[in-house]
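The opening position of the sequence shown corresponds to residue 1 in this note's numbering, with each subsequent residue numbered one higher.
For each residue, glycine too, the CB sits at the ideal point set by N, CA and C.
This report refers to the structure that appears directly beneath it.
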Amino acid sequence: MKISIFGLGYVGCVSIGCLADLGHEVIGVDTNAAKVKLISRGKATIVEKNISELIKNGFSSGKITATGDYKKAVKESEVTFLCVGTPNTEAGHLNMEYIINASIQIAEGIKGKKGFHTVIIRSTVLPGTNRKIQDLIEKRSGKRKNRDFCIVSNPEFLREGNAVEDYFHPSLTVVASDSSRGIGVARKIYERIDAPFRVVKIEMAEILKFINNSFHALKITFANEVGAICKKLNIDAVELMEIFASDDKLNTSKAYLKPGFAFGGSCLPKDLRALNTIGHDYYLQLPILNNIENSNYLQKKFVYDIVTGIGKNRIGIIGLSFKEGTDDLRESPIIDVIERLMGKGYKVKVYDENVILANIMGANRNFVFSRLPHIKNLMTDNIGRLLKESDIIIMNARFKEVTRKIIKSRTRKSIIDLIHIPEMRKLKNYQGISW
């Protein structure tokens, strides 16, 4: 395909070299004359493993050119990649000036052009940018979106120092557009890339890069805080974290990376507090580890705020244990919510077919009776009565028969889902905690 690339910085330069190597004809565009000159001489604009060779080869074969004439570049290409920078402003927002200016240039380029044009956003942008650029180009060019042109969101996940390898061998290719034609164009461009091709909603594609990089930053700082503790204890943190990362069933996996309710139980809260106490004993500042418990508290408060915002007084709770399928009530986060609701005068009833108070013993029994002394008055095994007498139903466990009964009733009562039960989403007054 014939592709123009706006922005000859890191992402743009890597894209030019890799796309040319994949067999496409690529035109580089930039307002910086020095960058255009480098590409026009077959030289890379960045220092990155293997990119100089790719640019040189692409230039020698005639597949790579560069120009400052953006109108010419757009008219001579079928697809334009937006790879311009979006740096932070002083306030921390993204500076969208460059991408807006590039979009205006693209609009001017397609104004007098015949044929369909696809614009693919590779820059890291704010959710809503895809639709904003659609409207801007439509207004500036006089062309109709999804008839004469379309916008595709296609976030990049390139690591500096490994960008070429990441381009050719990504974990997945993510694209989003309200144009099926645009999705087809992206699929054709990446047909030689051996990776899952994932079509998602536009706003999801736009925010994904922020989530990825924030998590990577979190992992680095978490490892550094672990290192600080290990240094004090004369433990080799490098070896420790190698062992930690070798567990791909729990530690480096999808386990626990599921939005939902707060954590609880007999292990996570206890061991987190103990690790923080070790750090405190050595006068260490551990802002990540120290704030995990506070974040967990805020998730419980969030559920409480949802309930109080509805303005109804009778609450029915399905599931009391900290994890469904167990009768372990220790540090169960829903108990904190119940405690707070009852303190404000709410009427609460609880159903949990796994929790039989007569069978609860030891630390489990001591915990629940210390927090909810009148727990016997709150528990019921009559699910029909609980559903009938509750204005708000909080789903904290998925019991098959209970779920079926609620869905079948087509209730208009408020449903608050803490665990994600997809089949309940069609109910009138349903809301999920994070979806």
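Residue i versus residue j: straight-line alpha-carbon distance, rounded
i       : j       : result
Gly-12  : Ile-106 : 16 angstroms
Tyr-430 : Gly-319 : 17 angstroms
Phe-367 : Trp-435 : 31 angstroms
Leu-94  : Pro-87  : 6 angstroms
His-420 : Ala-397 : 9 angstroms
Thr-326 : Glu-353 : 10 angstroms
Met-241 : Ile-229 : 12 angstroms
Gly-311 : Ile-104 : 48 angstroms
Arg-131 : Thr-89  : 22 angstroms
Arg-159 : Pro-170 : 11 angstroms
Lys-49  : Ala-34  : 21 angstroms
Phe-116 : Asp-236 : 59 angstroms
Cys-18  : Ile-51  : 8 angstroms
Ser-123 : Leu-372 : 52 angstroms
Leu-427 : Ala-223 : 43 angstroms
Thr-67  : Asn-32  : 10 angstroms
Lys-232 : Asn-213 : 29 angstroms
Glu-156 : Glu-239 : 32 angstroms
Lys-349 : Lys-219 : 40 angstroms
Thr-252 : Lys-145 : 42 angstroms
Ile-211 : Gln-299 : 19 angstroms
Pro-333 : Ser-321 : 9 angstroms
His-24  : Ile-133 : 25 angstroms
Asn-162 : Phe-168 : 10 angstroms
Ile-393 : Asn-290 : 33 angstroms
Lys-209 : Glu-97  : 19 angstroms
Arg-192 : Ser-4   : 19 angstroms
Asn-294 : Leu-172 : 34 angstroms
Where residue i falls: helix, strand or coil (DSSP)
i       : result
Lys-300 : helix
Glu-25  : strand
Ile-96  : Checking the sequence, you will find Met at residue 96 rather than Ile. If DSSP states are grouped into helix, strand and coil, Met-96 belongs with coil.
Ile-407 : helix
Met-361 : coil
Ile-356 : coil
Ala-262 : coil
Tyr-283 : coil
Phe-116 : coil
Leu-82  : strand
Ile-415 : strand
Ile-392 : strand
Asp-247 : coil
Asn-50  : coil
Gly-227 : helix
Asn-212 : helix
Thr-277 : helix
Ile-39  : helix
Met-44  : Contrary to the premise, residue 44 reads as Ala rather than Met in this sequence. Looking at Ala-44 - three-state DSSP - the assignment turns out to be coil, as it is neither helix nor strand.
Pro-422 : helix
Glu-108 : helix
Gly-182 : helix
Test item: CB-CB of residue i and residue j under 8 angstroms
i       : j       : result
Val-84  : Ala-102 : yes
Ala-205 : Val-174 : yes
Gly-58  : Val-14  : no
Gly-109 : Lys-56  : no
Ile-202 : Ala-176 : yes
Ser-390 : Arg-314 : yes
Asn-154 : Ile-120 : yes
Leu-386 : Thr-380 : yes
Leu-54  : Val-164 : yes
Lys-2   : Ser-61  : no
Met-395 : Ile-407 : no
Leu-8   : Val-47  : no
Ile-338 : Ile-416 : no
Leu-268 : Glu-225 : no
Arg-330 : Ala-363 : yes
Tyr-304 : Arg-273 : no
Leu-418 : Gly-279 : no
Val-79  : Thr-118 : yes
Ser-141 : Lys-114 : no
Beta-bridge pairing of residue i - partner residues as DSSP gives them
i       : result
Arg-198 : Val-174
Ala-66  : Gly-28
Ser-4   : Ile-27 and Thr-80
Gln-431 : Ile-416
Asn-88  : Leu-94
Met-379 : Val-350
Residue i: CB within 7 angstroms of a non-hydrogen atom of the ligand SAM
i       : result
Thr-173 : The model on display carries no ligand, and the ligand SAM is accordingly not part of it.
>> Please give the ranges of any alpha helix (DSSP H) in the segment 118-159, keeping only runs that are unbroken, at least 4 residues long and fully inside the region.
In response: Counting only runs of 4 or more, we get 129-141.
>> List, from N- to C-terminal side, the alpha helix (DSSP H) runs of 4 residues or more that fit wholly inside the segment 306-356.
In response: With a minimum length of 4 residues, the continuous alpha helix (DSSP H) runs that stay inside the segment 306-356 are 333-343.
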